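As C-alpha cells, the structure follows; a few thoughts come after it.
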C-alpha cells in the first residue's frame, strides 16, 4: 500500500484516497471538434516514468489534489494543489 | 524442427533423452526484414506464425525486450472462454476458442488446452439479470452458455459454498462448458517453435528504442538495443508497454496500463474441477495441473508499470475466495505477482492499422488477453499481410472512439473494473 502525502492533511495510507486519472487534461475551445473531444475523453499519456495525476482524499479532507508519481517504482515525487503548475523535478 | 510423437518420445527415452535440440534458434538480428513484430508474447509469436504459415511471409523478426512469454503470457491465470455480450466480441473470442481446440495439433506442441468449463457466479439480483442476458445473447451468437441454479452450480463445482448464511450468497451461475484453461508457457513456446521452423527469427533481449519513419511518414525501421533493423511493416503487440512503443511513432492511444495481480497456493491433490469466477466480488480461481490453486485478483486503481500491485487488492480477493470456498481457508499462498495490462475505455481490444503507414497495433486486451491468443494472432497477421482488417477484427479500430462505435464490454469482463 502506498503512503500518499495529501497537501492538506499530510501522509495517509492509500486506502483513504481515490484515484482520479491523468491530471492537466483541460477542456479548451479545441475540445469542441471530434478529434479534440476524442483526445479529451480517451487519449492518455500513460507514461513509463513520471505521471501527473489527480487524487482525492475521499476518506479525509475530501479535497482533490495533483501528484507526480513514478509509474515504475510507484514512488510519489510531489503532491500539489489543484490550479498550481506542475512542479519541476530535479 | 524435431517433431514430437509417441515414437520419437520413446526413441529418445530409451537413449536417456540425449539428442533433443533447442526448440528455436537464437539468431542475431539481420539488418532488414519484411516485417518486424514488437513483443514476444503469445499474441506476437502467434502473429509471426500465421504470417509465415498463412501469408507466406517468412522473413520476419519477433523482437522481445526480455525473454519470450515472460510478460503477461507467463503471468496470467490462463482462463479461456468466449461468453462475451456483444456480437463483435463474441465473434472474436469464439474464433479464438475454436482455434484453441486444435492448437496442440496445429503446433505439434501440447498446449494442454483443457475445456473443463468456466462458471461465472451471480450474487445479487442484478448479477442474475446480467448473467441471464449474457446466456441469451451468447446463444443467439452460437456461443454455448447455460444458466445453473445454485444447486446445479454446487454439483458442477463441489467445493463451492452455497449456504444461506453466506456474505455473498450464490443465486445462480452461467456456465460455458467449452471454456477452460491452457498451459500459458507452452502457448508461447509452441508458437515460437513452429514459427522458427518456418524461418522466423525470434530475437530476445532486444528492446526497441525508436521507430524510424521515411520522408512520407511511413515506417522504415526500428532501432533496438541490438542494432538498427530496416523494415516496411511493424506490428506492435506490446501489451502494457504499447503506449511506450507507440509514443516512439508520435501516437497517443486510448490506453492506460495497470498492474493486474495473480497468486498461486501451495500444490494440493486435485480438488477443483473447473474455473469459477465472480464478477461482483472480484475473484477467480482454478487448479493447475501441478496442483496449485491459481487465483486472479483485480487491478490497482492507478497507472503503473511496477509488476507488483498493492497487497490490499490481493487480500480483498482472498477474502472472497475463503468465503466462497471455506475449505481453502488454511491453504498457504506461495507466490503473487502482477502483469501490466493495457486497458481501453470500452475494455475491448484494438487490432488495427494506425494513422502511420506500415504500422499496425494489437493492444488493449486489458485483463483478458490470454484467452484470445490464437484468434488475435490469426486476424492480426491477416491485417498486417493484406493491409486491411479481417472481417472479425474490422470493428476493433482506434477510430471507434472518435466515431462513438464503442464495443462496451466493461460489464462482460470477469472482474469489476
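Chains as they are written, first to last, in the working numbering: chain H, 429 to 518; chain D, 130 to 546.
C-beta atoms are modelled at their ideal positions from N, C-alpha and C, and glycine is treated no differently.
Note that the structure is a prediction, hence the values are computed from the model and not measured.
For the stretch 497-509 of chain H, list every residue whose C-beta sits within 8 angstroms of some C-beta in chain D, in sequence order. 497, 499, 500, 501 and 502
Excluding sequence positions up to five away, which residues of its chain have a Cβ less than 8 angstroms from the Cβ of residue 545 of chain D? The pLDDT assigned to residue 545 of chain D is 45, lower than 50, so where the model puts this residue is not dependable; a value taken from the coordinates is nonetheless given after this. Contacts found: 408, 409, 411 and 427.
Which word fits residue 457 of chain H, buried or exposed, when buried means at least 16 other C-beta atoms lie within 10 angstroms of its C-beta? exposed
Any contact between the stretch 447-456 of chain D and the stretch 295-311 of chain D? By contact I mean 3 or more CB pairs, one from each, below 8 angstroms. yes
Interface partners of residue 462 of chain H on chain D, CB under 8 angstroms: 531
Along chain D, which residues have their Cβ under 7 angstroms away from the Cβ of residue 466 of chain H? 530 and 531
Suppose you measure from the CA of residue 340 of chain D to the CA of residue 203 of chain D; what does that come to, to the nearest Å? 27 angstroms
If contacts are defined as beta-carbon pairs under 8 angstroms, then residue 491 of chain D and residue 397 of chain D qualify, I think. What distance do you get, rounded to the angstrom? Not really, about 37 angstroms apart at Cβ, beyond 8 angstroms.
Tell me the residue span of the alpha helix (DSSP H) that contains residue 489 of chain H. That residue, residue 489 of chain H, is in no alpha helix (DSSP H); it is neither H nor E in DSSP.
Given a threshold of 16 other Cβ atoms within 10 Å of its Cβ, counted over all protein chains shown, does residue 287 of chain D qualify as buried or as exposed? exposed
Can you name the residues that DSSP bridges to residue 476 of chain H? Residue 476 of chain H is not bridged to any residue.
Residue 305 of chain D - containing beta strand (DSSP E), residue span: 301-305
Check whether the Cβ atoms of residue 437 of chain H and residue 485 of chain H lie closer than 8 angstroms to each other. yes
Compare the C-alpha of residue 429 of chain H against each of D:313, D:532 and D:441 and name the closest. D:441
Quick one, which of H:462, H:455, H:440 and H:496 has its alpha-carbon nearest residue 474 of chain H's? H:496
What runs of the alpha helix (DSSP H), each 4 residues or longer, lie entirely inside the stretch 429-479 of chain H? 462-469
Neighbourhood of residue 179 of chain D by C-beta distance below 7 angstroms, restricted to the same chain and skipping five residues each side: 506, 507 and 510
Distance, residue 445 of chain D Cα to residue 350 of chain D Cα: 45 angstroms
Thinking C-beta only, is residue 163 of chain D closer than 8 angstroms to residue 360 of chain D? yes
So, for residue 261 of chain D: in the same chain, excluding its five sequence neighbours on each side, which residues have a beta-carbon less than 7 angstroms away from its beta-carbon? 276
Span of the beta strand (DSSP E) around residue 482 of chain D: 479-482
What residues of chain H sit near residue 381 of chain D, judged by a beta carbon separation below 8 angstroms? 467, 471, 472 and 473
Pick from D:338, D:309 and D:206 that is closest to residue 392 of chain D, judged by C-alpha positions: D:206
Residue range of the alpha helix (DSSP H) that residue 450 of chain D falls in? 440-453
Return the Cβ separation of residue 481 of chain D and residue 438 of chain D in integer angstroms, given the expectation that the two are a contact with Cβ distance under 8 angstroms. The pair is not a contact, with the Cβ atoms about 29 angstroms apart (cut-off 8 angstroms).
My understanding is that residue 477 of chain H touches residue 498 of chain H, with C-beta atoms under 8 angstroms, so please give their C-beta distance in whole angstroms. 6 angstroms
Residues of chain D with CB closer than 7 angstroms to the CB of residue 431 of chain H, please, in chain order. Chain D residues near residue 431 of chain H: none, gap ~12 angstroms exceeds 7 angstroms.
Beta-carbon contacts of residue 154 of chain D that lie in its chain and below 8 angstroms, excluding the five residues immediately before and after: 325, 330 and 331
Just to confirm my understanding: we take residue 510 of chain H, look at its own chain, exclude 5 residues before and 5 after, and list those with CB closer than 7 angstroms. What are they? 492, 493 and 494
Residues of its chain near residue 210 of chain D, where Cβ-Cβ distance is below 7 angstroms and the 5 sequence neighbours each way are ignored: 247, 305, 308 and 500
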